[in-house]
Amino acid sequence: MRDTTLAGAVIGRDTLLKQAALVLGGTMFIALAAQVSIPFFPVPMTLQSLAILIVGLTFGARLGAVTLVAYLAEGAMGLPVFANGASAPALLGPSAGFLYGFVLMAWLAGLSADRGLARGVVSTSIVTLVVSAILYIPGGAWPMAVAEVSGITGKWVGSSMDVVWTYYVAPFLLGDVVKSVIAAMVVTGGWKALQARKG
């Protein structure tokens, strides 16, 4: 059967050891990308979402989501894998909605790869733009309502729609467009390099 993901086509995912290596490598890649950051408040701008899109598109839905769950688990255990070397406290902070939403982001990007929707630069860019936009749903819902319902307190808890737009959405839109296109170019470039090698 033809591989639908780049990781499957390059190294295969037929053994538990290969899958574990991909998950570990994916979490390390995301953790490194998270440290490249512009210190916006309350949510920093990082290369984290770029790395997550690449992981999802490369690994597929299931393994992409597992990689992000492992990444969150590493942070929960105290490893400094989140932006600016943060760990467990970030899972309850203002950017927590984005962190949890990363699992959905990787799964959706991977699902598009699994279904063969993300192979050309244009189609992949459209997919990554849509997936990036969906991330704002959990990212914005967290400070507006979910954190408060969860019993978390802080000045940012119960933020209005205007505040969420101003601090959680608007500053990141242009960057998301650029990162979406870069992710599409990286993954489609990987496919082309693989096809050239096989050809």
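Going from the sequence shown to the working numbering is simple: count from 1 and add 256. Where a beta carbon is used, it is the ideal one built from N, C-alpha and C, also for glycine.
query, result
"The stretch 418 to 428 in contact with the stretch 299 to 318 per 3-pair CB rule at 8 Å", "yes"
"Other residues of its chain near Ala263: CB distance less than 8 Å, five sequence neighbours each side excluded", "Arg269, Leu278, Thr314, Phe315, Gly316 and Leu319"
"Of the listed residues Gly372, Ile382, Ala369 and Met400, nearest to Phe354 (C-alpha basis)", "Met400"
"Buried versus exposed call for Met257 [16 or more other C-beta atoms within 10 Å across all chains shown]", "The predicted position of Met257 is uncertain, since its pLDDT is 38 and thus under 50; no value can be drawn from it."
"Rounded straight-line distance, which links the Cα of Ala374 to that of Trp398", "29 Å"
"Buried or exposed by the 16-neighbour rule on C-beta atoms within 10 Å, applied to Lys448", "exposed"
"Supposed contact pair Ala339 and Ala307 - C-beta distance, whole angstroms, cut 8 Å", "With a Cβ gap of about 12 Å, Ala307 and Ala339 do not count as contacting."
"Per-residue burial, Gln304 [other beta carbons within 10 Å of its own, 16 or more giving buried]", "buried"
"For Val325 and Leu335, the rounded distance between their alpha carbons", "14 Å"
"Counterpart residues of Ser293 in DSSP-defined beta bridges", "Thr302"
"Buried or exposed by the 16-neighbour rule on C-beta atoms within 10 Å, applied to Ala452", "exposed"
"Residues near Ile408 in its chain [Cβ-Cβ closer than 8 Å; skip 5 each side]", "Leu348"
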